[in-house]
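My numbering puts the first residue of the sequence shown at -11, with every later residue one more than the last.
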Amino acid sequence: MPEGTDRTPISQQSASQPIQPDTQSDIQPDIQSEAAVDAGRLESLVAQLNPPVARILEAALAGKDISVADAVILFETTGLEFSALGMVADELRRRTVGDLATYVVNRNINFTNVCIKRCGFCAFSRDFREEEGYFLPVNEIIRRAKEAWDYGATEVCIQAGLPPQMEGDLYIKLCAAIKEELPEIHVHGFSPEEVLYGSIRSRCTIREYLRGLQDAGVGSLPGTSAEVLDQPLRDHISPGRISVDQWVEVITTAHELDIPTTSTVMFGHVETNEHLARHIALLRDIQQATGGFTEFVPLSFVNTEAPMFLKGLVEDVRSGPTGMDVIKVHAIARIMLNNWIPNIQASWVKEGSRLSQLLLTAGVNDLGGTLINESISTSAGAQHGQLMRPAEFRQMIRQAGRIPAERYTTYGLKRVFDQDDGQVDPLDLVGDNVEEIFGSYRKLVQLDTFRFEHPRQSTRPGVETRS
Ligand code: SF4
C-alpha cells in the first residue's frame, strides 16, 4: 500500500490517488447551482453586517488575504457578525477543498514522559527523579507500531519528553528501526523541540540532524512546540522552551529539505487576540515562502492538570477557551490561511467529538487521527478518551452532511466513502476495553516494566546505551 505523499490540496488532486472516486469534480450541475445560490445569499448577508466586518468578510470571499488588524476585528465579533464569520469560513472551505472531510488511521507513541523541561502547560512530563517516569525501549515501540499497522494504521506519530543525557541520535535510530520493520508506514515524528534537542545532543546543526532523520525515513514532522510564536509570551508560560527563531529555523529547514510539517497553535491561556492573529500570519508567511505545511491545527489549552493553572505558576491564566473562542480560531484560521494552507483540522482530543463536528461547519475539513494512545491531553485532564474509531469519524462527518474520506498523513486520499456502505474497520471492532488491548498513559506511569532509569544508573538494555 503506497504512502500518500501528494501535498496537492484535495480539491486539486487527480484520479491518480488510490481508490478514490473524484467526488469533488463529480458534483452534479444542480448541486453546483445550489452552491452558487447559497454563495449569493451569503454575500447579501455579509453586505448587511457592521461595515468593518462586512469589508473584511467581503475581501475574504473575493479571495484576498486579510491582515492581522482585520483578524483582530473578526476575533471581537458577536451576534450576527459572529455567525457570518463561521458561514464565510465554511464557504471558503467548500470552494477550496470541497465537501470531503478527512481523517487518518494512526497511533501515537509517546515513548517517554521524562523531560528536562518544565513547560507551564504540560501535565504529561515527569522529572527523571519522579516515580511515574517511563521510557519505552525500541522493541516495545516497534511492537506498538506493528500492532497499529495490523489494525489498519498508515501512520505512527512519535513524540515524547526530552530525557536527560539522551543519546543524540536516538530519534534517528528509532525512526530507522521502525522503517526497517514497517517500510510502508509513515513516521510522523519529532517536534521542532525534539529536533533541536537531538541536534544539541549530537553536536550537529539542525540541518544535519534533519538530514539524518530524512535518511532514516521520517515522513513528516509535527509542527507542535509552537504554542504561540511570541517570545515574551513563551518566556512567561514556558521559560526555556524552544525559541520562536529556533522553531522557525527547524520548520523552514525541514521544508527546504522537502520534509513536510503540520502547524499548530495552543490557545485559551494568557494570549490575546492579537497574539493569535500574528501567530497565524507568521505561519502564512512561512507557507508563502516554503509551501511545506500540510495543515493547521488549533489546540485548546487543557487547564485541569496544567501546572501553570493548577499550581498558580502563571498569573491571570484562563481556564481554556470558551466555545465561541474555539469556533473563532478555526474560522479565522480558515479565512487567513485559505489561499495557502488548504487543510484546517479540528482536534477531537481537545474539543471532543460534538464540538469537532460543529467545527466542520466553520472552516474545518479534517478531524485528525484515531491516535489509539492519546496521552498528552488525557494527562492534562481532557475527557475525550484515547482512541477515536474510524466508524465514529465517518458518522460525525456524515451527520454533518459531508463526505467522509480516509487520508494518508500528507492528505493523499486512501478511501472515499461516498456511499454509506456500513464499512467496518479492524479498529471499529475494538470494544470498550481499549486500555487492556493498547495500554494507556494511566497504566504506563504505574508499570515498573518500563520505569525510566537515569543513564548513569541504568542496567537495562536500551537505556544504558544512552551517553
Ligand atoms: S511540553 Fe514537551 S518539552 Fe515541555 S515539559 Fe512537556 S514534554 Fe517537556
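Virtual Cβ for every residue (Gly too), placed ideally from N, Cα, C.
If you draw a straight line from the alpha carbon of residue i to that of residue j, how long is it in whole angstroms?
| i | j | result |
| --- | --- | --- |
| LEU435 | TYR197 | 33 Å |
| ASP157 | GLY186 | 6 Å |
| THR90 | ASN353 | 6 Å |
| GLN0 | ARG390 | Residue confidence is low: GLN0 scores 37 on pLDDT, short of 50, so the model does not pin down where it sits. Its coordinate-derived value is still stated next. Using only the alpha carbons, I get a separation of about 18 Å. |
| MET376 | GLY340 | 10 Å |
| PHE116 | ASN38 | 55 Å |
| VAL175 | ASP26 | 41 Å |
| GLN374 | ALA35 | 44 Å |
| PHE112 | THR437 | 19 Å |
| PRO9 | VAL404 | Residue placement at PRO9 is flagged as unreliable, the pLDDT there being 36, under the threshold of 50; the coordinate-derived value follows with that caveat. The alpha-carbon atoms of PRO9 and VAL404 are separated by roughly 7 Å. |
| GLN371 | VAL285 | 19 Å |
| ALA294 | ARG382 | 32 Å |
| PHE99 | GLY400 | 27 Å |
| GLU262 | LEU33 | 27 Å |
| VAL41 | LYS299 | 40 Å |
| GLY205 | LYS167 | 6 Å |
| PHE178 | ALA24 | 43 Å |
| PRO220 | ARG229 | 11 Å |
| ASP233 | SER363 | 28 Å |
| THR240 | GLY410 | 42 Å |
| ALA141 | GLY427 | 17 Å |
| LYS431 | ARG199 | 35 Å |
On a CA-only basis, which of the options is nearest residue i? Give me that one, please.
| i | options | result |
| --- | --- | --- |
| SER213 | LEU346, GLN202, ILE385, VAL236 | VAL236 |
| ILE395 | THR358, THR84, PRO152 | Residue 395 is actually Arg in this sequence, not Ile. Answer by Cα proximity: THR358. |
| THR398 | ASP18, LEU62, ASN101, GLY279 | GLY279 |
| GLU79 | VAL60, LYS431, LEU62, GLY51 | GLY51 |
| LEU209 | LEU217, ALA72, THR282, ASP273 | THR282 |
| MET135 | ARG322, VAL418, LEU201 | One point to set straight first is that residue 135 is Glu, not Met, in the sequence displayed. Of the candidates ARG322, VAL418, LEU201, the one whose C-alpha sits nearest the C-alpha of GLU135 is VAL418. |
| SER307 | GLY369, GLU120, GLN345, TRP336 | GLY369 |
| GLU169 | PRO180, GLU128, GLN147, GLU182 | GLU128 |
| ALA269 | ARG229, LEU221, ILE315, ILE329 | ILE329 |
| ILE54 | ILE332, ALA321, VAL305 | ALA321 |
| ILE130 | ALA59, LEU45, ILE173, CYS107 | ILE173 |
| HIS224 | ARG444, ILE194, LEU301 | LEU301 |
| PRO378 | ARG95, GLY86, PRO40 | ARG95 |
| LEU348 | ASN361, TYR139, ILE332 | ILE332 |
| ALA48 | LEU88, ARG386, VAL76, VAL290 | VAL76 |
| VAL56 | SER71, ASP87, ASP273, LYS431 | ASP273 |
| GLY211 | LEU287, MET324, GLY121, TYR429 | LEU287 |
| VAL290 | PHE109, ILE97, ALA393, VAL183 | PHE109 |
| GLU143 | GLN153, LEU124, CYS163, SER71 | CYS163 |
Alpha helix (DSSP H) containing residue i: first to last residue?
| i | result |
| --- | --- |
| ASP138 | 126 to 138 |
| ALA47 | 39 to 49 |
| PHE426 | 422 to 426 |
| GLU394 | Where GLU394 is concerned, there is no enclosing alpha helix (DSSP H), although the beta strand (DSSP E) it sits in stretches over 391 to 395. |
| MET384 | 378 to 387 |
| ASP203 | 194 to 204 |
| GLU169 | 158 to 169 |
| VAL76 | 67 to 85 |
| HIS257 | Here HIS257 belongs to no alpha helix (DSSP H), and DSSP marks it neither H nor E. |
| LEU221 | 219 to 225 |
| VAL317 | 311 to 325 |
| ILE61 | 56 to 63 |
Where do the ends of the beta strand (DSSP E) carrying residue i lie?
| i | result |
| --- | --- |
| TYR91 | 88 to 92 |
| LYS402 | 401 to 404 |
| PRO286 | 281 to 288 |
| PHE438 | Segment: none, PHE438 is in no beta strand (DSSP E) and carries neither H nor E. |
| SER231 | Segment: none, SER231 is in no beta strand (DSSP E) and carries neither H nor E. |
| THR278 | It is not in any beta strand (DSSP E) - THR278 instead sits in the alpha helix (DSSP H) that spans 261 to 278. |
When we look at the beta-carbon of residue i and count the other beta-carbons within 10 Å, is it buried (16 or more) or exposed?
| i | result |
| --- | --- |
| SER13 | Unreliable positioning characterises SER13 in this predicted model, as indicated by a pLDDT of 46, which lies under 50. The coordinate reading is nonetheless provided below. Per the 10 Å Cβ criterion, exposed. |
| PRO248 | buried |
| LEU245 | exposed |
| ILE425 | exposed |
| ARG342 | exposed |
| ARG81 | buried |
| GLU259 | buried |
| MET312 | exposed |
| GLU22 | exposed |
| GLU181 | buried |
| ARG114 | buried |
| SER344 | buried |
| GLN276 | exposed |
| GLN407 | exposed |
| THR366 | buried |
| PRO227 | exposed |
| VAL305 | buried |
| ASP18 | exposed |
I'd like to know whether the C-beta of residue i is nearer than 8 Å to at least one C-beta of chain B.
| i | result |
| --- | --- |
| ARG83 | Reference to chain B is not applicable here, since this structure consists of a single protein chain. |
Could you tell me whether any non-hydrogen atom of ligand 3 is closer than 7 Å to the CB of residue i?
| i | result |
| --- | --- |
| SER113 | As presented, the structure is devoid of ligand 3, carrying ligand 1 as its sole ligands. |
For this session: Spell out a yes or no on whether the region 142 to 154 and the region 100 to 109 are touching, meaning 3 or more CB-CB pairs, one atom from each, closer than 8 Å.
Result: yes
For this session: Answer yes if the region 55 to 65 comes into contact with the region 326 to 340, meaning at least three C-beta pairs across the two stretches below 8 Å, and no otherwise.
Result: no
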